[in-house]
Each structure stands twice: as structure tokens, then as C-alpha cells.
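Heads up, the thing below is written out as C-alpha cells.
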Amino acid sequence: MKQLIIAILLILVFGLDALNLQEAKDIALNSNPDLLAAQEANKASKNSLWEAYLSIIPTASLSGGYTRYDEEQIFQNTTNKYDVFYNYQFVVNQPIFNGGKVWLGAAMAKDTNKISNESYLSTRLKTISSLEQKYYAVLKNQALLEIAQKNLQTSKTNTEIAKVKFEAGSLSKAGYLQLQAEQANKEVSLIQMEMLYQTSLLDLTNFLGIDKIDKLEEISRTDFQAELENLKKIDTIRIEHIVDEIMNIGLNQNPTMRISRLSMQTSDKLLWMAGGNFLPSINLQYSKSWMKYDFENEYDDNVGQLGLNVSIPIFPLIDNGLEVAKARHNLKQAKYNLDSAENGIELAIKSSVLNMVSTAKTIHSSQLSLEYSYETYEQMKERFANGQITANEFLSSEIMYTSAQNQVAISFYDYLSAKSSLLQLMGTEDVEQLNKIIK
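For the sequence shown, the numbering used here gives the first residue as -14, with consecutive numbering after it.
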């Protein structure tokens, strides 16, 4: 923790040359306002749980009184006079049976605390996923920016060659203008990518709550090579098995699912509590009092009283009946909400798995496309230099090569984003749990 605080202070004061993903996670998990708010709500829920448990044990109170009279009073037709009266009372109450409200209330408080825990976990997973998405977006835009810079430089070189050819008469003016127009388009693309990169970097900086990030540490593609090789080969049957495995985990671990189940349990307890309004209430009470007049030397030690209080609801019962009906409707609503949450999680997991697999396959295809388009571009560039093809044919190969470069960069970070979203749906931040399934 101390090292993390020092790291944050260094970032705030001096900035950071290269921020890696784990460092970014540590900062987000210790500074994100939504997560900190959820953490405080969780602590408050724990206090409420203890409060509910303490309501089961007896309550005790000690009260006292001091009375001074303006005129002296005669004590019960005696010669004793007094103008000050003291009294104290000690009372202990123990609920025996209140229609199950005390025990059900404690059980509901326990459910509420569990819901708070799951809500905190949900916020934590959302924070991690959001951080990863923003981190990957910066790296993706950075890669696209570097490609745009290289392509512009290449385009300038090609335009200079075209100028020489045009002046020598070996290239038409239309061909020369095409290359000039392509260079202008590359300049526009570079400006757009610079803006997109700076915007994504600002978004990440703002999310982390720090002043400046000079550079992000790259994600090594070799670390994902094994799983990508495996995913590009899997068939439909294997995809279904992966979906089933992840579905079992997600339906059990996903915080939204757990909250929905706990909410249904709470609604069921509320129904029982509403039914308890028709039952009698029984409370045990013990009291003892002491009193003294100012002419007395000692307090009168009265005999303690032990009483059993019984209360039976008689009228109006219609309010209790309406409360039971309301509780039944709330329970049905909770069941429908659970079904809806389950359907939503199932659909989201299926979509995320398919998205992850498709992006993994896209990475392989885009790499092949890059290799082929590069060879084509190099051949077309040589042929263009020798005057064997038109400028339009050369530009077509250049556009195809640029598109392949962009697709390689985009597909890799889209794959990482897909994994991040899937982990959030699974209800875990342990990436190895997912890797064991897909490898």
C-alpha cells in the first residue's frame, strides 16, 4: 500500500514515462470515486447487520428523576416534611416473539449485507473492465497513429517520385494529381488519428485522476500467441462447450445474478414478515425502582417486577392483509427480475464468447492479409517506378496495404477488450480462470 501511494504521488507530481496496465489498475482501484462510494456503502451495510443482530439481545435502560418543590410537603399525614424527591428505575426488555420480525429482520439484514458485498464486487469489476477498455483504446489509437505517420511519410516519398516521373514525361498529370490527392488524404487521416489518440489518452488520464501520462507500456502479443492459435482452430462444437463452461461460471459468480437471487430471498422474508402481523407479540420485561425523600437517609429498595406482555392484533386487519398482498406482488416481481437477469446474462455471455472467438480469428486473417498485401504493394511499387502500371493501380495496392495494417492493430486490441468484457460477465478478475477454458 505504501509503495502504491508513493507511485501515485510521483505520477501526480512528475508524470510517468511508461505506465503499465497493472499500475493503472492499482491506481484506479484506490482512487475511483464510484468504487470508493461502494466501499463505504459496504461498510455501512456491515454496521446495519450488527445493529440487526443486537436487536435480538435484551435491551436495558436506567432512568432517574429529581423533583424540587417550591414549598415543603408533608409526607403522608406525618410530621416528616420534604421538598426534594429522588427516584431511579432500571428496566430490561427481551422480545420473545414478535411474529418473527426480529429474526427475519436479522436475516434480511444479512441478505442486505451480501447484496452490498456483491454490489461492491460489481463496481470493482466494472472499474477494472472500464480501465482496461480505456487502456487498450489508447494503445490501439497509438498504433493507428504510428501507421498513419509512416503511411504519410511513404506517401510523400511516392509523390516526390511521381513528380520526377511527371516532369520527365513518363507519368500523366492525372496520375500525378492522384498521388498528390492521396498524400492530402493521408495528412487528413493523420490529423484525425492524432486527435483520436489524444482524446483517448485524456479519457484514461481523467479516469485515473492523474495529471499526465506520457506513455503507456505496450502489451506483448507473444503472451497471447498460444490462446490465439487455439481459438483460430476451434469449431462450432468447441465454441458451444466454451459457452457452456463460461455460462456455468457466470450464472453462479456474476454479481448481478447473485443480487437478483438475494433480492428474491429478501422478498420472500418480507412476505413472511407481513404474515407475522397477524400473530401475537410476546415480550418479557423486568423492572426495579428506587426512591428517596430528602428527609430519608437511604433509598427505598422496592421489589423487582417481572412481567410477560402479550399483544394480539384485532383491528384493523385489512392493513395487514394489504401488506401481505403487496409482499406477494413484490416476491413475484423479484422472481421475474431474476429470470430477466438470467436471460440477459446468458445472452451477453454467448455474444461475448462469439465476439472473442471472431476477433481471435480476425487477428489470424488480418495477419495473412498484411503479408499478402505487403508483397503486392512492394511489387506494384516497383512496377510503378518502372512505368509498368498506372498510378490508380499503384494506389489501390497501397490502400489495401494500409487497410491491412490498420486491421492488424484493431483486431488485437478488440480481442483484449472482448476478453475484458467476458471476465466482467463471469464475475471474476482472475484471467487464468478464463484462460484455462479457452486454451
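Each residue gets a CB set at the ideal place from its N, CA and C atoms; glycine is no exception.
Between the C-alpha atoms of residue 59 and residue 66, what's the straight-line distance to the nearest angstrom? A straight-line Cα-Cα distance of about 5 Å links residue 59 and residue 66.
**Report entry** Cut-off 7 Å between Cβ atoms - residues of its own chain near residue 344, not counting five sequence neighbours on either side
**Finding:** 396, 399, 400 and 403
### Task
Measure the Cβ-Cβ separation of residue 33 and residue 108 and say whether it is below 9 Å.
Cβ distance not < 9 Å, so residue 33 and residue 108 don't count as in contact.
**Asked** Do residue 162 and residue 140 have their CB atoms nearer than 9 Å?
**Response** The answer is no: Cβ separation not under 9 Å.
Which listed residue (308, 408, 155 and 143) has its alpha carbon closest to that of residue 373:
155
Quick check: what's the CA-CA separation for residue 273 versus residue 287?
7 Å
Beta-bridge partners of residue 71, as assigned by DSSP: Beta-bridge pairing links residue 71 to 51 and 277.
### Query
Helix, strand or coil: which one does DSSP assign to residue 80?
strand
* Report yes if the CB atom of residue 40 is closer than 9 Å to the CB atom of residue 90, and no otherwise. => In this structure, residue 90 lies closer than 9 Å to residue 40 by Cβ.
Our contact map puts residue 129 next to residue 3 with C-beta atoms below 8 Å; I'd like the distance itself, whole angstroms only.
Incorrect: roughly 19 Å between the Cβ atoms, too far for contact.
query: So what does DSSP say about residue 44, is it helix, strand or coil?
result: Of the three classes helix, strand and coil, the one that applies to residue 44 here is strand, per DSSP.
Please determine if the region 257 to 265 and the region 363 to 370 are in contact, where contact requires at least 3 C-beta pairs separated by less than 8 Å. no
Next on the checklist: Measuring straight from C-alpha to C-alpha, what distance separates residue 192 and residue 386?
Outcome noted: 35 Å
Checklist entry - Beta carbon of residue 179, beta carbon of residue 143: below 9 Å? => result no
* Collapsed DSSP secondary structure at residue -2 in the structure displayed -> Caution applies to residue -2, whose pLDDT of 42 falls short of 50 and renders its modelled position unreliable; the value that the coordinates give is listed next. Correct three-state label for residue -2: helix.
**Request:** Give every residue of the same chain whose Cβ lies closer than 6 Å to the Cβ of residue -5, excluding the five residues on either side of it in the sequence, and list them in chain order.
**Result:** At residue -5 the pLDDT is 47, less than 50, meaning the model places this residue with poor confidence; the figure from the coordinates comes in the next sentence. Same-chain partners within the cutoff: there are none.
- prompt: From the DSSP output, which residues share a beta bridge with residue 286?
  reply: 275
**Request:** Would you kindly check if the distance between the Cβ of residue 49 and the Cβ of residue 72 is under 9 Å?
**Result:** yes
Looking only at its chain, what residues have a beta carbon closer than 8 Å to the beta carbon of residue 94, apart from the 5 residues adjacent to it on each side? 33, 34, 36, 37 and 38
Neighbourhood of residue -1 by C-beta distance below 8 Å, restricted to the same chain and skipping five residues each side = For residue -1, the predicted model reports a pLDDT of 41, less than 50, meaning its position is unreliable; a value from the coordinates is still stated below. Answer for residue -1: no residue qualifies.
- Any idea which residues DSSP pairs residue 66 with across the strands? According to DSSP, which records beta bridges pairwise, residue 66 is partnered with 59.
* Residue ranges of each beta strand (DSSP E) within the region 377 to 423, 3 or longer -> none
Quick check: the Cα distance between residue 30 and residue 21, rounded to an integer number of angstroms?
14 Å
Residues bridged to residue 293 by DSSP?
In the DSSP output, where bridge partners are listed per residue, residue 293 has 269.
* Hey, quick one: how far does the alpha helix (DSSP H) through residue 11 stretch, first residue to last? -> 6 to 16
- Task: Assuming residue 339 contacts residue 240 (C-beta within less than 8 Å), just tell me the rounded distance between them.
- Result: Actually they are not in contact, since the Cβ atoms of residue 339 and residue 240 sit about 23 Å apart, beyond 8 Å.
Residue 248 and residue 294 - do their beta-carbons sit closer together than 9 Å? no
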